[in-house]
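Worksheet for the structure shown next.
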Amino acid sequence: MTTEDPTAKIRTEDRAERAERLARDGAQAMADHVAQIKAVDERTVRLRALRLAKEAEEAARTPDPVPPKPKRKRAVKA
Numbered sequence: 001m002t003t004e005d006p007t008a009k010i011r012t013e014d015r016a017e018r019a020e021r022l023a024r025d026g027a028q029a030m031a032d033h034v035a036q037i038k039a040v041d042e043r044t045v046r047l048r049a050l051r052l053a054k055e056a057e058e059a060a061r062t063p064d065p066v067p068p069k070p071k072r073k074r075a076v077k078a
């Protein structure tokens, strides 16, 4: 004969419910984290494209820069 403790059954059910809740919360947290990373990546791509377009536009508007004069080399004294 086995005697079942009613509190043991309740504790077991509570542990199972807690484990399920933690698993759901963990999955939701991971999904939120992945969504945030994706949003940052999308913004980065959009902003990079805007920056490159702006730089290309500025480069097209400005004339070719005059290269600086080369520096004179010092003569080596022997």
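Just so we're aligned, residue 1 is where the sequence shown starts under UniProt numbering, counting upward by one. Ideal placement from N, C-alpha and C gives every residue a C-beta, glycine not left out.
- Each residue's CA atom was taken as its position, placing G26 and I37 some 17 Å apart.
- In this structure, DSSP gives P70 a state outside helix and strand, which the three-state scheme calls coil.
- A direct Cα-Cα distance of roughly 45 Å separates T62 from D32.
- Rounded to the nearest whole angstrom, the CA to CA distance from T7 to R43 is 53 Å.
- V40 has its alpha-carbon roughly 10 Å from the corresponding atom of V34.
- According to the DSSP assignment, K38 belongs to the alpha helix (DSSP H) that extends over P6 to R61.
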